[in-house]
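Please read the structure below before turning to the comments.
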Amino acid sequence: MSDSRTNGDSFDIIVVGAGIAGAGIAWELAATARVALVEREDQPGYHTTGRSAAVYLKGYGTEVIRDLTVLSEAFLARPPADFSEVPLIHPRGALTLVRPDQMEKLDRYLARQRRHVPHVEQLDPKAILDMVPALDPAYATAAVYDGEARDLDVDAIFQGFLRGFRQRGGKLITTAEVEALEHGDGRWHVSTAQGTLHAPVVVNASGAWADQLAALAGLAPLGMVPKRRTALIVRPPDGLEVSGWPCVDDIDEQFYFRPEAGKLLCSPADTTPSEPCDAQPEELDIAIAIDRIEKALPLGIRRVERSWAGLRTFVADGSPVVGFDPRAEGFFWLAGQGGYGIQTSPALSHLAAQLAARLELGEKEQEIAAALRPDRFLG
Ligand SMILES: Cc1cc2nc3c(=O)[nH]c(=O)nc-3n(C[C@H](O)[C@H](O)[C@H](O)COP(=O)(O)OP(=O)(O)OC[C@H]3O[C@@H](n4cnc5c(N)ncnc54)[C@H](O)[C@@H]3O)c2cc1C
1 MSDSRTNGDS FDIIVVGAGI AGAGIAWELA ATARVALVER EDQPGYHTTG RSAAVYLKGY
61 GTEVIRDLTV LSEAFLARPP ADFSEVPLIH PRGALTLVRP DQMEKLDRYL ARQRRHVPHV
121 EQLDPKAILD MVPALDPAYA TAAVYDGEAR DLDVDAIFQG FLRGFRQRGG KLITTAEVEA
181 LEHGDGRWHV STAQGTLHAP VVVNASGAWA DQLAALAGLA PLGMVPKRRT ALIVRPPDGL
241 EVSGWPCVDD IDEQFYFRPE AGKLLCSPAD TTPSEPCDAQ PEELDIAIAI DRIEKALPLG
301 IRRVERSWAG LRTFVADGSP VVGFDPRAEG FFWLAGQGGY GIQTSPALSH LAAQLAARLE
361 LGEKEQEIAA ALRPDRFLG
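Those letters in the sequence shown? Residues 1 to 379, per the numbering used here, in order.
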């Protein structure tokens, strides 16, 4: 055994990646274990977590995502004492527009929404235009309204996890890219840019890089596909008050927009496959966003104040990958959260921590955990 192994820091669990996934599970685990949270960048949350659209939608994603979103609601509405000084969610509402040529999709969409969001209602043109008067009436023929959609305060949730993690004695190590993973003597030896750490369990919460981190451990990929999504901020015309508008998308998820501090956050809802990287917005995607949104909301948008892009990482069935990898002792996946990693973070962090600590699960959690197992992709 090398000197670096004998002198390096030892933990019960090493979590790789300080985005919302890593921060959430690290916070949970630090209540009872010695945990290191290791991040390549000098700032936690620099990648996808810092780039989201910050919306909570119960009727979004796969069935298991919807379960996790609903299960996260109580935490988001009433977080533990000292978790945050500000509310984690704010009322918003979400309006899904249905043009006349999309009407045949409406009944199926409503039926699926109502399974997780029983209160969704179908709105008539007058009700739609009362909510968003600037819409083109051709887009306001039918819509589905979810009054329980919320804005998320992503920074408050993320900082709550990180602060609580540190208070529980957890160690956050930044500028510490994991460069090698080796298993021996019943422990993982994790070589980082800041030295080598040791623990029997490694949690792979490395977002778009999850397959690459697994490769360092000698594991074949599970098929993570990072997909770029673009967002931009535009200023509405003078005198147009948008702050009370709901989040608006269309039934084919071709675009969305929502109020953001008196302006509009817009997206073309792009899903372009990408290598793991520091994603940047493409001019073409910005132009597509403006074109699609102008058709529904003719505001004469001329100037984009700010734009960014982030990677939403998916596996083939669109649900996260959570659990121990049967191919490597103590290697735990927490990846593939797609476009739902913030809104599911309380319930997913809790479930993942119970699995990583090998604790007993309740009946509903067992059902969810079965749908997330990494071995569903192993032949
Ligand atoms: C435009 C956009 C809109 C979105 N809107 C929403 C929304 O409205 N609601 C919602 O719930 N979700 C939304 N999402 C999705 C959400 O942001 C993600 O699901 C979530 O942030 C993923 O978190 P993560 O921790 O897995 O990834 P990340 O935040 O990317 O964290 C992974 C971390 O791992 C680190 N890392 C990688 N490799 C290594 C290594 N070898 N060593 C050390 N560190 C490493 C990276 O540096 C990174 O910091 C949106 C995403 C985008 C891009």
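A virtual CB, placed ideally from N, CA and C, is assigned to each residue, including glycine. From a predicted model like this one, the values you see are computed outputs, not experimental measurements.
Check	Outcome
Flag Gly292 as yes when its Cβ comes closer than 6 angstroms to any non-hydrogen atom of ligand 1, and as no otherwise.	Reading off the sequence, residue 292 comes out as Arg, not Gly. Arg292 Cβ: outside cutoff for every heavy atom of ligand 1.
Taking the continuous beta strand (DSSP E) assigned at Val64, which residues delimit it?	That residue, Val64, is in no beta strand (DSSP E); its alpha helix (DSSP H) goes Glu63 to Ala77.
Residues in its own chain within less than 6 angstroms of Tyr60 by CB, not counting five upstream and five downstream?	none
Can you tell me which of the three DSSP states Ala21 falls into?	helix
Pop quiz: Ala347 and Leu68 are said to be a contact at Cβ under 8 angstroms. What is the actual Cβ separation, rounded to whole angstroms?	5 angstroms
For Ile89, list the residues DSSP reports as bridge partners.	Leu152
Could you name the residues of the same chain whose beta carbon sits closer than 6 angstroms to that of Leu71, not counting the 5 residues immediately before and after it, in chain order?	Ala347
Would you be able to state if there are at least three C-beta pairs under 8 angstroms between the region 239 to 257 and the region 126 to 135?	yes
Could you tell me the alpha carbon to alpha carbon distance between Arg110 and Ala127, rounded to whole angstroms?	In the sequence as presented, Arg is not what sits at residue 110; that position holds Leu. Roughly 17 angstroms separates the two Cα atoms.
So who's on the other strand from Ala142, going by DSSP bridges?	Val98
Less than 6 angstroms between the CB of Glu28 and some heavy atom of ligand 1, yes or no?	no
According to DSSP, simplified to helix, strand and coil, what is Phe83?	coil
Between which residues of its own chain and Pro437 is the CB-CB distance below 6 angstroms, once the five residues before and five after are set aside?	This structure leaves residue 437 out entirely; the chain is present only between 1 and 379.
Are the CB atoms of Pro100 and Thr141 within a distance shorter than 7 angstroms?	yes
Could you check which residue in Ala214, Glu294 and Thr313 has the C-alpha nearest to that of Ser274?	Thr313
Just the Cα atoms here: how many angstroms apart are Met1 and Gly310?	In this prediction, Met1 has a pLDDT of 33, which is less than 50 and means its spatial position is unreliable; nothing more can be read from the coordinates.
Determine the closest residue to Gln102 out of Glu253, Glu365 and Ile89, with distance taken between C-alpha atoms.	Glu253
Helix, strand or coil, according to DSSP, for Gly52 in the structure here?	A small correction: the amino acid at residue 52 is Ser; Gly does not occupy that position in the sequence shown. Coil at Ser52, not helix or strand.
Whose C-beta lies closer than 6 angstroms to the C-beta of Arg303 among residues of the same chain, with five residues either side of it excluded?	none
Among Ile293, Ile301 and Phe255, whose alpha-carbon lies nearest the alpha-carbon of Pro236?	Ile301
Tell me whether Ile173, by its Cβ, gets closer than 6 angstroms to a heavy atom of ligand 1.	no
Can you tell me whether DSSP reads Tyr60 as helix, strand or coil?	coil
Is Ile20 near ligand 1, going by C-beta to nearest heavy atom under 6 angstroms?	yes
Got a sec, what are the start and stop residues for the alpha helix (DSSP H) Ile368 sits in?	Glu363 to Leu372
Say yes only if the C-beta of Ile342 is nearer than 6 angstroms to one or more non-hydrogen atoms of ligand 1, and no if none qualify.	yes
Hey, quick one: how far does the alpha helix (DSSP H) through Ser349 stretch, first residue to last?	Ser345 to Ala356
Can the beta-carbon of Arg292 be found less than 7 angstroms from the beta-carbon of Pro268?	yes
Can you give the Cα-Cα distance for Ile20 and Ile173, rounded to whole angstroms?	15 angstroms
Return the CA-CA distance between Val38 and Val16, expressed in angstroms with no decimal places.	5 angstroms
What is the rounded straight-line gap between the Cα of Leu264 and the Cα of Arg115?	30 angstroms
Val16: beta carbon under 6 angstroms from a heavy atom of ligand 1?	yes
With a threshold of 6 angstroms, establish whether the CB of Gln337 neighbours any heavy atom of ligand 1.	yes
Is it true that the CB of Thr272 sits closer than 7 angstroms to the CB of Arg327?	no
Between the C-alpha atoms of Leu359 and Ala352, what's the straight-line distance to the nearest angstrom?	10 angstroms
Looking at ligand 1, does it come within less than 6 angstroms of Trp209, judged from the CB to the closest heavy atom?	yes
Measuring alpha carbon to alpha carbon, tell me which residue in Glu329, Asp325, Gly147 and Gln280 is nearest Tyr46.	Gln280
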